[in-house]
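Residue numbers (the working numbering), protein chains in the order written: chain A, 8 to 251; chain B, 8 to 251.
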């Protein structure tokens with residue numbers, strides 16, 4: 008009987024995965040990862056050059072769903088079936104051998120791996136290796152400390168309604184907005200409504216090739232790449248913060 | 008001219024630091040770290056057995072401040088003087104050699120290193136290597152995925168006022184409370200007020216020797232160790248979440 012190991016990959020730069028994930032990946036016989044059909048896949052690209060010569064790769068390709076709206080019942084049924092199917096296939100493999108599943112960022116923090124985990128956690132042994140989040144990679148790339156002392160830090164998805172984004176942006180001392188893409192104009196409006204626009208940074212492809220860090224006021228109107236976040240740093244609620 | 012490298016150490020288990028931090032630490036000639044006077048120090052313990060035989064260690068011992076209240080002007084003056092002093096000493100060293108500064112967790116996320124960084128960033132070259140946060144280490148240890156889809160995730164300090172804690176606990180889908188210690192009774196009251204007590208977990212020494220994971224309802228009244236957090240996991244705002 009083998010086990011499933013989910014290796015958190017961190018924010019994108021291969022040197023930023025943990026020593027433990029690196030060891031699991033370089034010694035794995037079976038490697039599985041999610042990707043869009045027809046794409047190399049970000050997770051697979053991060054481990055390029057690290058796999059054993061005899062590694063067997065299992066590319067878990069998301070069902071083609073561009074013709075279905077993301078919140079439709081059909082879309083969700085297709086996706087649920089896809090996770091069901093791969094959960095069964097990997098559970099069968101684990102009967103005889105270990106399987107390493109790659110996961111960008113930190114697996115338990117908005118990771119697709121969680122859909123396999125929920126289906127299999129009571130049936131097979133699963134070890135999850137945490138990773139540096141994409142958010143950490145991006146705020147480090149910004150060159151400005153993120154949160155001090157008693158700062159309240161919030162992580163938001165750009166897919167949330169504008170009013171709700173603005174509400175949380177007002178209440179947090181420091182925050183990150185993920186899932187930008189076509190949501191960036193809405194995120195800009197929410198930042199304005201919350202009075203935080205001037206303090207916002209846009210970090211594109213943080214820690215990866217093509218990294219770009221700009222104040223949002225200077226970022227222009229182009230749609231950002233998938234791996235982008237908006238960041239507003241905290242200033243510290245306590246007198247302990249260094250006076251610059 | 009050398010540079011300063013801040014190596015994020017991750018949540019405590021040495022295998023969970025990044026490959027890049029591991030490389031910086033094992034090759035460093037000068038290593039600096041914070042600790043309480045008379046203690047080995049958590050950062051130094053994590054790298055035990057990893058240092059070069061000829062490594063020169065710089066233990067930055069916090070000034071003894073037990074007789075001063077944490078928010079007093081004297082306490083903050085003592086602490087500011089301590090950071091000023093070490094910033095100067097390390098800047099002098101960096102004129103001739105690289106210096107690696109250790110930092111538990113992720114350096115830009117509530118890390119003491121930020122106090123050195125703010126003092127030196129315009130004067131010397133500084134490279135910051137991110138790390139897995141203690142929070143990530145703890146929610147991974149809990150064995151339950153933390154945040155799904157559009158969940159709003161918030162990081163709180165147990166030192167915040169009770170009303171403010173309860174307010175943020177009501178608004179977040181998923182949250183972590185750090186800095187527990189003597190604040191745990193207050194954090195419990197805030198969880199009750201927010202209607203989140205039944206869903207709360209206590210993770211002590213996550214990823215480290217002596218790790219303990221319990222539902223808060225079953226945790227008892229003992230004061231938790233310094234490296235402890237309270238976690239409430241998100242359930243997902245989107246239909247994409249797997250139906251368990």
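Glycine is no exception: its CB is placed at the ideal position from the N, C-alpha and C atoms.
Asked                                                                                                                                                                                                       : Found
With which residues is residue 222 of chain A paired in a DSSP beta bridge?                                                                                                                                 : A:208
Of all the options A:147, A:159, A:166, which has the alpha carbon lying nearest to the alpha carbon of residue 155 of chain B?                                                                             : A:166
Taking all protein chains shown into account, decide if residue 150 of chain A is buried (16 or more other Cβ within 10 angstroms of its Cβ) or exposed.                                                    : exposed
Identify, in the order they occur along the chain, each residue of the same chain with its Cβ nearer than 8 Å to the Cβ of residue 248 of chain A, setting aside the five sequence neighbours on each side. : With a pLDDT of 44 at residue 248 of chain A, under the threshold of 50, the predicted position of this residue should be treated as unreliable, and no value is reported.
Measure the Cβ-Cβ separation of residue 187 of chain B and residue 175 of chain B and say whether it is below 8 Å.                                                                                          : no
Taking 6 Å as the limit between beta carbons, can you name the residues of its chain near residue 140 of chain B, skipping five residues before and five after?                                             : 112, 113, 116
Might you give, ordered along the chain, the residues of its own chain that have their beta carbon closer than 7 Å to the beta carbon of residue 251 of chain B, omitting 5 neighbours on each side?        : Summary for residue 251 of chain B: the model assigns pLDDT 36, below 50, so the residue's position carries little reliability; its value from the coordinates is reported in the next sentence. Correct list: empty, nothing qualifies.
Determine the direct distance from the alpha carbon of residue 216 of chain A to that of residue 132 of chain B, and round the result to whole angstroms.                                                   : 21 Å
Opposite residue 66 of chain A in the DSSP bridges: which residues?                                                                                                                                         : A:40
With 9 Å as the C-beta to C-beta threshold (strictly closer), list the residues of the segment 153-180 of chain B near chain A in chain order.                                                              : 153, 154, 155, 156, 157, 158, 159, 160, 161, 162, 163, 164, 166, 167, 171, 174, 175, 178, 179
Give, in chain order, every residue of the segment 8-35 of chain B whose Cβ lies closer than 9 Å to some Cβ of chain A.                                                                                     : 15, 17, 18, 20, 21, 22, 23, 24, 25, 26, 27, 28, 29, 30
Please name the residue or residues paired with residue 57 of chain B in a DSSP beta bridge.                                                                                                                : DSSP output for residue 57 of chain B lists no bridge partner at all.
Cβ of residue 249 of chain A less than 8 Å from any chain B Cβ?                                                                                                                                             : Residue confidence for residue 249 of chain A is low, a pLDDT of 44 falling below 50, so the modelled location carries little weight and cannot support an answer.
Could you confirm whether any beta carbon from chain B is found closer than 8 Å to the beta carbon of residue 204 of chain A?                                                                               : no
Can you give the beta carbon distance from residue 212 of chain B to residue 192 of chain B, rounded, assuming they're within the 8 Å contact cut?                                                          : That belief does not hold up - the Cβ atoms of residue 212 of chain B and residue 192 of chain B are roughly 20 Å apart, past 8 Å.
Mind checking residue 142 of chain A: buried by the 16 CB within 10 Å criterion, or exposed?                                                                                                                : buried
Does residue 233 of chain B have its Cβ less than 8 Å from a Cβ in chain A?                                                                                                                                 : no
Please report the straight-line C-alpha distance between residue 182 of chain B and residue 32 of chain A, rounded to a whole angstrom.                                                                     : 30 Å
Taking only beta-carbon atoms, is residue 76 of chain B less than 8 Å away from chain A?                                                                                                                    : no
Closer than 9 Å by beta-carbon distance: list the chain B residues that pair up with residue 139 of chain A, in chain order.                                                                                : 15, 17, 25, 113, 137, 138, 139, 140, 143
Does chain A have any CB closer than 8 Å to the CB of residue 89 of chain B?                                                                                                                                : no
Report all residues from its chain with a CB closer than 8 Å to the CB of residue 189 of chain B; omit the five preceding and five following residues, and keep chain order.                                : 230
Taking 8 Å as the threshold (beta carbon to beta carbon), is residue 147 of chain B in contact with chain A?                                                                                                : yes
Report all residues from its chain with a CB closer than 8 Å to the CB of residue 51 of chain B; omit the five preceding and five following residues, and keep chain order.                                 : 40, 42, 64, 66, 109
I'd like the ranges of any beta strand (DSSP E) spanning at least 3 consecutive residues and lying wholly in the segment 114-139 of chain A.                                                                : 133-136
In chain order, what residues of the same chain lie with their CB nearer than 6 Å to the CB of residue 221 of chain B, ignoring the 5 residues before and after it?                                         : 209
State yes or no: is the beta carbon of residue 41 of chain A nearer than 8 Å to at least one beta carbon in chain B?                                                                                        : no
Just tell me which of B:47, B:118, B:127, B:91 has its CA closest to the CA of residue 11 of chain B.                                                                                                       : B:127
Go ahead and pull the three-state DSSP assignment for residue 144 of chain A.                                                                                                                               : helix
Under a CB-based cut-off of 8 Å, is residue 246 of chain A close to chain B?                                                                                                                                : Residue confidence is low: residue 246 of chain A scores 42 on pLDDT, short of 50, so the model does not pin down where it sits. Its coordinate-derived value is still stated next. It does; some Cβ of chain B falls within 8 Å.
What does the alpha-carbon distance come out to for the pair residue 202 of chain A and residue 177 of chain A?                                                                                             : 7 Å
Taking Cβ to Cβ, would you say residue 37 of chain A is nearer than 8 Å to residue 95 of chain A?                                                                                                           : no
Starting from residue 121 of chain B, find everything on chain A with Cβ-Cβ shorter than 7 Å and list it in chain order.                                                                                    : 152, 155
Using 8 Å for Cβ pairs, my map puts residue 144 of chain B next to residue 28 of chain B. What's the rounded Cβ distance?                                                                                   : Not a contact, Cβ separation roughly 15 Å.
Kindly say whether residue 253 of chain A, judged by its beta-carbon, lies nearer than 8 Å to any beta-carbon of chain B.                                                                                   : Nothing in the structure corresponds to residue 253 of chain A, since chain A is present only between 8 and 251.
Residue 237 of chain A bridges to which residues according to DSSP?                                                                                                                                         : A:184, A:209
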